Amino acid sequence: MKMEIRPRRVLCWLIVCCLATAGGQLNLTATPKELSLGITDHLTVNCTYANDGKSDMTALISLFIYRQNDVNATSDNGEELASINTYVPHVNTILPDFNSSSGRIAADGVSYLELSWLYPAQRQSGFYVCTAQGIDNVGHTVSTSTKTNVTTRQPERDEILNKIKELNENLKSVEQKFSDLHSNLSANFYQFAGTQSKHDDDVNKTLAVLKTFEKEVHPLLGLFERSLFYPFNLTYGGDIYRILRAPVWGYDDAVALCESYGATLLEIDDDAEYERVEHFLNEHSGLTTILVAGRLVNNRWEKQYSDLPMFEGISILAPSDRFATNDCRILTNSSDWSLQNMPCDEIRTRSPYQQVNVMCESKA
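In mature numbering (1 follows the signal peptide of the UniProt record, and there is no 0), the protein residues as written are -24 to -1, 1 to 340.
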């Protein structure tokens, strides 16, 4: 494999024989260190460097943060995310993988580089490495590194349902405040209707408050949606189809999760709906498996939400087998999003890289 040497690292390659290991207080923290997929709403990785007077490094030049999925992560084999140095007064984004960043190189005091993610996913797990580079008192290049690990886990069903309940309660509270503000605004208009010119300032102030509140509400509504679902969705036949971020641990869990949001688990009714869903899934990478409503009961496929046979009128979806153990139906990208059978009991045991996701449908 051909090695690419980045221009700004040429100096390091030329004088690699002169590199020394620096001292100093270099700390790297990740908060939290374990991500509950689809539930954890924030990840912060912070690297700080403070010269303790015992360091070989007399002048700090730059800080780098890398990520690697291997325990042997180094600054040379990891994904370089961001850096900051003495020559550029802002964070250099190398891999646009995070939502926000901050940092500074301080001649005296503590230097730092911090990266943050909203609703981190599986990709954000791994070993994070921070490297500090500088020079010693004779001008030789010195560096020091430290690392920390961020792991993931699949959330329990109760944890997911509690999170949805919490977000729903927060949303209702915001909607109530918004409604109260509208009522107050209407009352002001009626009160000042006869003497509008006299009270223009009061009305304008009320309008300004309303606009400010609307600016606060809209991001909250968007955050609520993003916390539960992936940012892409499908509208078809008067319904909207959304994919939950959290992996599902069983068929009953999937039904409960969709219903907790006032929706139903994806139930394919005809060829046209299947083709539209298939086309939608082909447009979005990163997903591997989608659970479909309906189960095999007494050697007969039954729908979740109607008494009709599961495959009536869907010629291309006839079940490939009727083994009692393969009692759940999935759409999988390993077969171009065709319908396949699998044991419902295996949903929980799949690895994070083959996790089963849930598509919920509700009225648009």
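C-beta: ideal position from N, C-alpha, C; glycine also.
None of these values were measured; they are calculated from a predicted model.
Is residue i buried or exposed, if buried means 16 or more other CB atoms sit within 10 Å of its CB?
| i | result |
| --- | --- |
| THR16 | buried |
| PHE103 | buried |
| TYR95 | buried |
| LYS148 | exposed |
| VAL118 | buried |
| GLN152 | exposed |
| TYR63 | exposed |
| PHE208 | exposed |
| ASN22 | buried |
| TYR281 | exposed |
| ILE323 | buried |
At the level of alpha carbons, what is the spacing between residue i and residue j?
| i | j | result |
| --- | --- | --- |
| SER236 | SER59 | 42 Å |
| LEU4 | ASN75 | 19 Å |
| ASN68 | TRP93 | 16 Å |
| LEU39 | TYR217 | 43 Å |
| PRO295 | ARG276 | Residue placement at PRO295 is flagged as unreliable, the pLDDT there being 48, under the threshold of 50; a coordinate-derived value is accordingly withheld. |
| LEU242 | ASN258 | 17 Å |
| THR124 | GLY14 | 22 Å |
| ALA108 | GLU90 | 14 Å |
| GLN1 | LEU263 | 41 Å |
| ASN317 | GLY226 | 14 Å |
| LEU315 | ILE244 | 10 Å |
| PHE256 | LEU210 | 7 Å |
Helix, strand or coil: which one does DSSP assign to residue i?
| i | result |
| --- | --- |
| ASP215 | strand |
| residue 341 | Residue 341 falls outside the range modelled here, since the chain spans only -24 to 340, and no answer is possible. |
| LEU19 | strand |
| ASN144 | helix |
| ILE323 | coil |
| GLN44 | strand |
| SER12 | strand |
| GLN130 | coil |
| ASN309 | helix |
| GLN331 | coil |
| ILE244 | coil |
| VAL105 | strand |
Cβ of residue i versus every heavy atom of the ligand MN: is any distance shorter than 6 Å?
| i | result |
| --- | --- |
| THR122 | By its list of ligands, the structure shown contains no ligand whatsoever, and the ligand MN lies outside what it can speak to. |
Task: Completely contained alpha helix (DSSP H) runs for the stretch 247 to 287, where each covers 4 or more residues - done: 247 to 258
Open item on the list: Any contact between the stretch 332 to 339 and the stretch 264 to 277? By contact I mean 3 or more CB pairs, one from each, below 8 Å.
Closed with: yes
Task: Start-end ranges of the beta strand (DSSP E) lying completely within the stretch 53 to 103, minimum 3 residues - done: 55 to 61, 76 to 80 and 87 to 94
TODO: Inspect the CB distances between the stretch 134 to 144 and the stretch 110 to 117 and report whether three or more fall short of 8 Å.
DONE: no
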